[in-house]
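Notes for the one structure printed next.
2 protein chains.
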Amino acid sequence: MTAPVPATTEPPAPRRSRRDSRRPQLLDAAARRFRRGGYSATSMRDIAGDAGMLAGSMYHHFPSKEDLLVAVHEEGIRRITKAVEEALDGVRGPWQRLEAAAAAHLAVLLDGGDYAVVVIRELPHESAALRRTLAPVRDAYEDIFRRLVDDLPLSAATPRHHVRLMLLGALNWSQTWYRPGGEAPEAIARGFIRLLRGEH
Amino acid sequence: MTAPVPATTEPPAPRRSRRDSRRPQLLDAAARRFRRGGYSATSMRDIAGDAGMLAGSMYHHFPSKEDLLVAVHEEGIRRITKAVEEALDGVRGPWQRLEAAAAAHLAVLLDGGDYAVVVIRELPHESAALRRTLAPVRDAYEDIFRRLVDDLPLSAATPRHHVRLMLLGALNWSQTWYRPGGEAPEAIARGFIRLLRGEH
DNA sequence: GTCTATAGCAAGATAGAC
DNA sequence: GTCTATCTTGCTATAGAC
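As given, the protein sequences belong to chains W and S, one line each in that order. Position 150 of the first sequence, counted from 1, bears residue number 150 in my numbering, the numbering being contiguous throughout. For any residue, its number in my numbering is found by taking its place in the second sequence, counting from 1, and adding 1000.
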């Protein structure tokens, strides 16, 4: 038996019932549907059907459709934050760090599945719960990029918020034109950073 | 009386009944609602109410909700194309032309009302009719920027599609963070173009 | 934990009076 | 051209059997 050590990694993880085994599948199905059709156009029947159950059964796992959206958002932000922080680990040089973060952001957004796309595209105007609960978490994520841009060696006259907004806008918009099999996320990120550095 | 000259400007304009006077108001209301709440979450009753009529009455003007969305898109693309072409008129110098187009695009998107926002954000995954009918028109609009980027004096090694995608992505994404009263669209466009030119 | 069954409601759309 | 009234369908969510 493992002694009750003070856990530093792996936070307590909200205690749910012993075997809420279908919850991840429901969340996956929801993320996929929300991505493809949007939140409003997706029905609980759609999601339940994808997970192999009937609509009524979902309410054992999630109390409402809105809670489902919040859960997808939480998971999406968790994944994208983790990916970016891991990509930054050990990288030195301000431009190199910005490029690493951009590449990781893009990789999760374009190849990392449905959660991140929902976070980026399904804006919180859908739900008041989303705004209240998740706006701070989103802001915390954007702060990573704010700090990376602050570290760049730019002239004092260059408005740094333009750099951040331009890069994040270009990255986030990419999910509208990207098609799997095209240019790799790392290549796109490298290209965008090169342009920002004025190399052309 | 005007003789039936072969019209070159002002295309025939789909003949509707003599006094379809409420149609513009309905279209305005729809654009506003689609922008704020999204297409799926907006009901015909919402739109009709905003225009001061009941839901059933709308069907005298538009045969379906989807037709309403298509009409909003058409009008939005028309406005944004017109604004950019007018902004380009008489401007010389490849970077100056790109900046003028970017500023006009941004001005319509941020201060120009609801139509353009719907065009940009309410992507055609909503409706098969949108994809078929309007994808070519959207592509034609993007071609304006493709040509402007082709005219830039860049080294042969610079991938020009990165320039176009980065700029349009940054511009289109701006409607997620822009707040009226902040930096003017022209200033944002100028800042983005300066970054692309490598001036920092 | 999933099912059947259904309550309760709002949606898009139509018919016909005025 | 707008109204009233309504049809039909689909939705979220709940209750209770198994």
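From the three backbone atoms N, C-alpha and C, an ideal C-beta is built for every residue, glycine too. All figures in this text were calculated on a predicted structure; none of them were measured in a lab.
For W/Q25 and W/F62, the gap between their C-alpha atoms comes out near 12 angstroms. The criterion of a C-beta distance shorter than 8 angstroms is not satisfied by S/L1068 and S/A1104. The beta carbon of S/T1158 sits closer than 8 angstroms to some beta carbon of chain W.
Distance check between S/R1045 and each of S/S1057, S/R1146 and S/R1035 places S/S1057 closest, using alpha-carbon atoms only. Interface annotation, S/G1181: not in contact with chain W, CB-CB separation never under 8 angstroms. For W/F192, the uninterrupted alpha helix (DSSP H) segment begins and ends at P185 to L196.
Taking 8 angstroms as the cut-off, the Cβ atoms of W/G198 and W/E122 do not count as close. In the three-state reduction of the DSSP assignment, S/S1174 falls in the helix class, which pools H, G and I.
Here the stretch 1086-1095 of chain S does not lie against the stretch 1159-1175 of chain S, with fewer than 3 beta-carbon pairs under 8 angstroms apart. Counting only Cβ-Cβ distances below 9 angstroms, S/S1127 has no contacts in chain W at all, with the closest Cβ about 10 angstroms away. In this chain, the alpha helix (DSSP H) harbouring S/V1108 covers P1094 to D1111. W/Y59 counts as exposed, since fewer than 16 other beta carbons sit within 10 angstroms of its beta carbon.
Between the stretch 1068-1080 of chain S and the stretch 1095-1112 of chain S there are three or more C-beta pairs closer than 8 angstroms, enough to call the two in contact. Counting the other CB atoms within 10 Å of its CB gives S/E1075 a total of 16 or more, which places it among the buried residues. For the stretch 61-86 of chain W, no residue has a beta-carbon sitting nearer than 7 angstroms to a beta-carbon of chain S. Looking at the backbone, the Cα of S/L1148 and that of S/L1098 are separated by about 6 angstroms. Around the beta carbon of W/V91, fewer than 16 other beta carbons lie within 10 angstroms, which makes this residue exposed.
Leaving aside the five residues that flank W/F34 on each side, the residues in its chain whose CB is nearer than 8 angstroms to its CB run, in chain order, T42, L69, V72, D114, V118 and E122. Annotated three-state conformation of S/V1084 is helix, per DSSP. Burial check for W/A128: the Cβ neighbour count within 10 Å stays below 16, so the residue is exposed.
In the DSSP assignment, S/D1046 falls within the unbroken alpha helix (DSSP H) covering M1044 to D1050. Pairing S/L1154 with W/H200 gives a Cβ-Cβ distance under 8 angstroms. Judged by beta-carbon spacing, W/I144 lies within the 8 angstroms limit of W/A101, meaning their Cβ atoms are closer than that value. One finds nothing in chain W with a Cβ atom closer than 7 angstroms to the Cβ of S/L1109; even the nearest lies about 12 angstroms away. According to the DSSP assignment, W/D28 belongs to the alpha helix (DSSP H) that extends over R23 to G37. W/L123 sits in coil when the DSSP states are folded into three classes, being neither helix nor strand.
Around W/L195, the beta-carbon contacts reaching into chain S at under 7 angstroms are H1162, V1163, M1166 and L1196. Counting the other Cβ atoms within 10 Å of the Cβ of W/P136 gives fewer than 16, which makes it exposed.
Assignment of W/H162 by DSSP, reduced to helix, strand and coil, places it in the helix class. S/A1170 is positioned such that its CB atom lies no closer than 8 angstroms to that of W/L196.
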